[in-house]
Amino acid sequence: MTPQSFIFIGRSGCGKGTQAELLMKVLAEKDPATAILRTETGKELRQFIQGNTWTAKKAKEIYDEGGLMPEFVIVNMWVKPLLEKYDGHQHLIFDGTPRKVHEAGVLHSCVRFYGFTKPWVIHLDINAGESAQRLLARKRFDDNDAEIKKRLEWYEAEVVPTIEYYRDNPDYTLLDIDGARSREDIHADIVKKLGLE
1 MTPQSFIFIG RSGCGKGTQA ELLMKVLAEK DPATAILRTE TGKELRQFIQ GNTWTAKKAK
61 EIYDEGGLMP EFVIVNMWVK PLLEKYDGHQ HLIFDGTPRK VHEAGVLHSC VRFYGFTKPW
121 VIHLDINAGE SAQRLLARKR FDDNDAEIKK RLEWYEAEVV PTIEYYRDNP DYTLLDIDGA
181 RSREDIHADI VKKLGLE
């Protein structure tokens, strides 16, 4: 199989990480000769802000206050693993990026640099109420009513236009996936639409 790239996008709590993991298992079974490199922007950020550098401490202040992280910090969270680990022969999975239209432009330069054609954009679509319910249920330290409200408002302002950017871009294949079902049904739908059955 020719190495492919996959971009998971959707509201907080939509299951991007879960579905990325399930897709990795399918790719490993279907194409065991090709390794997989997954970038997890949120996970990388949470690890980064535990560091002792001035930038990490400043970023932690923004994170703890529920502020929006500067683009250069977020982009670094997924660019650094690529620069350090990509060997030219892996499937790429982007989990949690891009967040904004101009970040999508940065990612576009990346997939072109590495020679990927027609990346898959997997939009896990859930409504705001479902998102809030899932975030509260997972009980992570930053999942509270006020922070969730901010994230949902920010999603409408920034991420929705990014999804439309991909929908209107012939260089990408956007899949709208109903994310309000069981993880098994969502996974089966993704696999079918990717032609990996």
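For what it's worth, my numbering labels the leading residue of the sequence shown as 1, then goes sequentially.
For each residue, glycine too, the CB sits at the ideal point set by N, CA and C.
Residues that residue i bridges to, as DSSP identifies them
| i | result |
| --- | --- |
| THR173 | TRP120 |
| LEU92 | SER5 and LEU37 |
| GLY10 | LEU124 |
Three-state class that DSSP yields for residue i in the structure shown
| i | result |
| --- | --- |
| ILE49 | coil |
| THR2 | coil |
| GLY129 | helix |
| LEU135 | helix |
| GLY179 | coil |
| ASN144 | coil |
| GLU71 | helix |
| PRO81 | helix |
Residue interval of the beta strand (DSSP E) (run including residue i)
| i | result |
| --- | --- |
| ARG38 | 36-40 |
Residues of its chain near residue i, where Cβ-Cβ distance is below 6 Å and the 5 sequence neighbours each way are ignored
| i | result |
| --- | --- |
| LEU92 | SER5 and LEU37 |
| THR173 | LYS118 and TRP120 |
| TYR166 | VAL121, TYR172 and LEU174 |
| ARG11 | ILE126, SER131 and TYR155 |
The alpha helix (DSSP H) enclosing residue i, as first and last residue numbers
| i | result |
| --- | --- |
| LYS100 | It is not in any alpha helix (DSSP H) - LYS100 carries neither H nor E in the DSSP assignment. |
| ASP64 | 54-64 |
| VAL159 | Unbroken run through VAL159: none, as it is neither H nor E. |
| GLU197 | Here GLU197 belongs to no alpha helix (DSSP H), and DSSP marks it neither H nor E. |
Spatial neighbours of residue i in its chain, beta-carbon cut-off 7 Å, leaving aside the 5 residues before and after
| i | result |
| --- | --- |
| VAL111 | SER5 and PRO119 |
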